[in-house]
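Report on the structure given below.
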Amino acid sequence: QRFEFRPISDPVIIQKLEMIAKTENFNVEPAAFASMARLAQGGMRDAQSILEQLIAFCGTTIKESDVLDVYGLARPQDLMALAQSMAKADYAAVLKLIDQLADEGRDLNRVLLDIQSIVRQGLVDAIERGGYSEHLGAKLSTESALRMLESLHAGEGMVRGGLSEKVNLEVILLKAVEQSRTRAIDTLVKELSALQGGSKPELSEKKNDLAQQVQVNEAPIVREPEPEDRWELPESVMESVELPVLPAAEYRDPLAKIEAMGQKLPESTRAILEDRFRGRFSRLEMKS
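Residues in the sequence shown are numbered from 107 upward in steps of one, following my numbering.
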């Protein structure tokens, strides 16, 4: 049988852990308690189990670095620096910090969850301030913070789904930055309408314009066919050509006429004619 209890707030978990440490004479840094509560995610039993595991690994003295190293958590200052780099769209800094976290052996899936929590704080701050927030070190609008948070949320479960967790995290964070910088379509429509005097074109007019554009684009191109026998001789050649006068008897035989004309033409003109009518004399000879 399973019972679902509501999450317990971090201050309550920290207070309970401090009481246990004081009773058992454990020396634990306050920042270590905060890291344990963050790792427990609202579970009191999980927080106590984490404290017991740390005592088994580190003894009666527990520092914040011990909690981070044992469970692969990123330092809060590194997470804030990463979130600020995303808010400033500093791609080089984002990639550099991811490399650093991967080299230190941090849990990259947990890094994604922690970044979501920080961006959510920026979103809440932007809402409370009336539209903009500088919680992440840059002026971030409510709309931009919301799009970034949505993109990060969509990337949950994808960090460990590929061959490289580091590459997957890089893609997720950089995509979230791009999404935060993309302006919504409805916002652009409102701004364009304001520039045009506040009047929006009717939907039917848009459809008619689009139909006319499609008709113009799809109009067939009609090309005038060129005759096969169309050719021109140079003017210098035409001026030098003198058509021979043949006897009436020679007109009865077309081949005799062509041969007679070819013999009486200049050599240059004859070469041009042979090139123009290449293959046609052979057909006449076959028919005869």
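C-beta atoms are modelled at their ideal positions from N, C-alpha and C, and glycine is treated no differently. Note that this is a predicted model, so its numbers are computed, not measured.
Quick check: what's the CA-CA separation for residue i versus residue j?
i	j	result
Glu276	Glu130	43 Å
Ala377	Gln369	11 Å
Leu269	Asp205	16 Å
Leu123	Arg266	32 Å
Thr166	Gln147	24 Å
Lys202	Met186	14 Å
Val322	Pro372	Low per-residue confidence applies at Val322: pLDDT is 45, beneath 50, and the placement is therefore not dependable enough to give any value.
His259	Ser115	22 Å
Asn274	Glu262	11 Å
Gln121	Thr288	43 Å
Glu249	Gln285	10 Å
What's the call for residue i, buried or exposed, on a 16-neighbour Cβ count within 10 Å?
i	result
Ala60	Any question about residue 60 goes unanswered here, given that the chain covers just 107 to 394.
Val295	exposed
Ser299	exposed
Val283	buried
Tyr357	Any answer about Tyr357 is weak, because its pLDDT of 48 lies below 50 and its placement is not dependable; what the coordinates show is given next. With fewer than 16 Cβ atoms within 10 Å of its Cβ, Tyr357 is classed as exposed.
Check residue i in the structure and name its three-state DSSP category.
i	result
Ser270	coil
Val134	strand
Ala325	A caution first: Ala325 carries a pLDDT of 48, below 50, which makes its placement in the model unreliable, though a value can still be read off. Ala325 falls in the coil class under three-state DSSP.
Thr166	coil
Leu242	coil
Ser223	helix
Ser247	strand
For residue i and residue j, which I take to be in contact (beta-carbon distance under 8 Å), what is that distance rounded to the nearest angstrom?
i	j	result
Ala138	Glu170	5 Å
Asp213	Gly178	4 Å
Leu145	Val200	So it is not a contact: roughly 24 Å between Cβ atoms.
Indicate whether the contact test is met: 3 or more Cβ pairs, each with one atom in the region 154-166 and one in the region 185-193, closer than 8 Å.
no
Inter-stretch contact at 8 Å, needing at least 3 Cβ pairs: the region 253-260 / the region 222-229
yes
With three or more C-beta pairs closer than 8 Å as the rule, is the region 208-215 touching the region 229-245?
no
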